[in-house]
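Chains A and B supply the protein sequences, listed in that same order.
1 is the number of the first residue of the first sequence in full-length UniProt numbering; add one for each residue after it.
1 is the number of the first residue of the second sequence in full-length UniProt numbering; add one for each residue after it.
Before any comments, here is the structure.
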Amino acid sequence: MTPTTYKEPTARGYYGQFGGAFIPEMLYPNVEELRDNYLTILADPEFQREYQQLLRDFVGRPTPLFEAKRLSKKYNTRIFLKREDLCHTGAHKVNNTVGQILLAQRLGKTRIIAETGAGQHGVATATVCALMGMECIVYMGSVDMERQRPNVERMRLLGAEVRPATSGSQTLKDATNEAIRDWISNPVDTHYIIGSVVGPHPYPDLVARLQAIISEEMRKQLLEKTGSELPQYVVACVGGGSNAAGAFYHFLDEPSVKLVAVEAAGHGITSGHSAATSVLGKPGIIHGSRTLLMQDEDGQITEPYSLSAGLDYPGIGPLHAYLAAEGRAQFISIEDEAALRAVAECSRLEGIIPALETAHALAALGQLGAGPNDVVVINLSGRGDKDLETYMKYADSIK
Amino acid sequence: MNNRIQQAFQNKGKKLLNVYFTAGYPRLQDTVPVLKALTAAGADLIEIGMPFSDPLADGPVIQQSSTVALQNGMNMRVLFTQLKDIRTEVPETPILLMGYLNPVMQFGVENFCREAAAAGVDGVILPDLPLDDYVDEYQEIFRRYNLKPVFLITPQTAPSRIRRIDELTDSFLYLVSGPGTTGGANTQAAGVQDAYFQRIEDMQLRNPRLIGFGIADKASFQHACQYAEGAIIGSAFIKALENTEDAPAAAKQFVQSVLN
């Protein structure tokens, strides 16, 4: 059944067959408290006043919509970059953490926990905790701590404690497990700021609503720059999918807009070293929601791989699983090498060094089939400074 | 229809010891010998863990045992094959399967229930199965195979929800002793914990209760038994199996150290 809107999950948090809240009883009261209060708090004028003011004065919104003329020329279409890399802390993640810290305050919480992959969400969480004077603990896979060291140091400088997750592949999935366990152990005073549109209901909806500011601004800016609020394409990378959810949100119910979600194929879809969930996944349960999930035939969760620490997650948000199942969004997979080439291309043609995550979206440009009269918006979700060590290591392959 | 869990609570004039261990741990073929040794030594109920790669409610000890069991090649098919003839050797002791929903879903819930019932399993504990989903989708299937679901209750569970869980249950209630994952050190002040156990006791629920999480030895077992019909030991037993060459002997010794 096709709903009248893709935006709204059901009362139990389902998008079609995906979503829900599959959590142990130990988490039930926390999640219930959030579920019962988040919509009221988000709608509260005082919350909105404070949230909008922080987005403007602290985050630096609205972020520009930049017409990338040289990239446009190369791909023979009209390309705009939504500059989330210009947000304070260098990525879109802060839109969500600013909103959730205000929510946590209103729920009377005094301690914040978070998980992080590339470190962007961890930095954004540590930043708002510093702003509000809250205790902050960030779980990060020990492999990710190694490959994203600048962000680990940023979090520490901001006063957060970074705790390594040493189980499994020691990446984002395992950091998320550890954060959930912390929440189980601290059910009363702690709020868990999830960084993507994943986890039990209401997180996917909450995070999507807080990131929806991206597409809200896009529509206004497109109207100014092109005379129409609606582009032909909106393109974004997907790990869990928060930047894509924000970029798609106000276009979800506009059938003329093609939504393109770009996943990390790692060494190749069939290589056994990939994170392309929409291709390799099947319905299953991870971190409290039913979604598409990379798993073996026994239902054990498979270790995903991507050179990009923000994309090697074995699931995607339930909204994205639904968009894939309904065919509302087109999913494209991009290998490590193509992403690295896109880093170089964007850097040299536009003077913008993108995050490795974002580079996957840029690398999909050649596969869109967009024509000279089409408007393509790419959500430039984060800046690439944090990835400089990786870029140096692969300097030869990004010539 | 009566089943072995209900009988165990009816027949016993004493407090019940429920022991958890992970299937296929420490070695793949240890499942049945450990189960037999536990019951022979006096354990009253057995919980067999179905290993999962990402066990959210478990602490490091049980998670590590699951990782080892998966590396040993344990999976649902192997487990049901191992348990095929268990009722000829362990006729009366209730056996429960404990695990997470995803492997069960992939196996197929109906298939899972059919195989479990055929092997003589009496109950199922799936901590991440939501109550509403259980009622809407699975209750009928569980009933058809006479499998009793067991739900968890924590110090934060609201009284109205405890009543609902009690209504949906006809085996026992699993009282999680305090905040935390399995095997965690109990950080709650003893008085706070006792007040919670007492509060549940005062609710006069239909079902008997077993207390679990953080129960590790004779002292903590006996303490828990003051407030319930018995208690559940998991991580401490897994630790006792960790470096042993003779898992059944370690199982026997462990149960005796708790009961004697």
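C-beta: ideal position from N, C-alpha, C; glycine also.
Check	Outcome
Residue burial classification, A/G195 (beta-carbon count within 10 angstroms, cutoff 16)	buried
Contacting positions in the segment 153 to 164 of chain B - beta carbon closer than 9 Å to chain A	I153, T154, P155, Q156, T157, A158, R161
Neighbour flag for B/T169 against chain A, beta carbons, 7 Å	no
CB contact check: B/D85 to chain A, cutoff 7 Å	no
CB contact check: B/Q139 to chain A, cutoff 7 Å	no
For B/R27, the nearest candidate out of B/V255, B/R206, B/N243 (CA to CA)	B/N243
Endpoints, beta strand (DSSP E) assigned at A/C87	That residue, A/C87, is in no beta strand (DSSP E); it is neither H nor E in DSSP.
Where A/P204 falls, given that 16 or more other Cβ within 10 Å makes a residue buried	buried
C-alpha gap between B/P159 and A/D85, whole angstroms	48 Å
CB contact below 7 Å: B/S65 versus chain A	no
CB contact flag (A/G240, A/Y313, <7 Å)	yes
Delimiting residues of the alpha helix (DSSP H) encompassing A/R348	336 to 350
Below-7 Å beta-carbon distance, A/R181 vs any chain B residue	yes
The beta strand (DSSP E) enclosing B/F21, as first and last residue numbers	16 to 22
Whole-angstrom distance between A/V376 and A/V98, CA atom to CA atom	28 Å
Alpha-carbon spacing of B/A231 relative to B/G178, whole angstroms	14 Å
Sheet register partners of A/S333 (DSSP bridge)	A/E263
Three-state class that DSSP yields for A/Y394 in the structure shown	coil
Short CB-CB distance (under 7 Å) between B/S53 and chain A	yes
Cβ contact (3+ pairs, closer than 8 Å) linking the segment 45 to 61 of chain B and the segment 12 to 31 of chain B	yes
Own chain residues within Cβ distance below 6 Å of A/A359, not counting five before or after	A339, A342, V343
Residues of its chain near A/Y139, where Cβ-Cβ distance is below 6 Å and the 5 sequence neighbours each way are ignored	E115, R163, A165, A175, E178, A179
Separation of B/T88 from A/E32, as counted between CA atoms	45 Å
Three-state secondary structure assigned by DSSP to A/I269	coil
When A/I193, A/E335, A/M134 are compared against A/L206, the one with the closest alpha-carbon	A/I193
Distance between A/M134 and B/A69 (C-alpha atoms, nearest Å)	40 Å
is_contact[A/M140, chain E] using C-beta, thresh 7 Å	Absence of chain E from the displayed structure is noted, the protein chains being A and B.
B/S257 - containing alpha helix (DSSP H), residue span	247 to 259
Whole runs of the alpha helix (DSSP H) within the segment 47 to 85 of chain B, excluding any shorter than 4 residues	60 to 72, 76 to 83
Residue(s) in a DSSP beta bridge with A/T171	DSSP, once it has assigned bridges, lists no residue as partnering A/T171.
Alpha carbon of A/I332 to alpha carbon of A/L356, nearest angstrom	16 Å
Own chain residues within Cβ distance below 7 Å of B/Y196, not counting five before or after	P155
Neighbour flag for B/A116 against chain A, beta carbons, 7 Å	no
Local Cβ density within 10 Å of A/T63, reported as buried at 16 or more and exposed below that	buried
Residue of B/L97, B/S171, B/I62, B/S65 minimising C-alpha distance to B/L79	B/L97
Range of the contiguous alpha helix (DSSP H) that encloses B/A8	4 to 11
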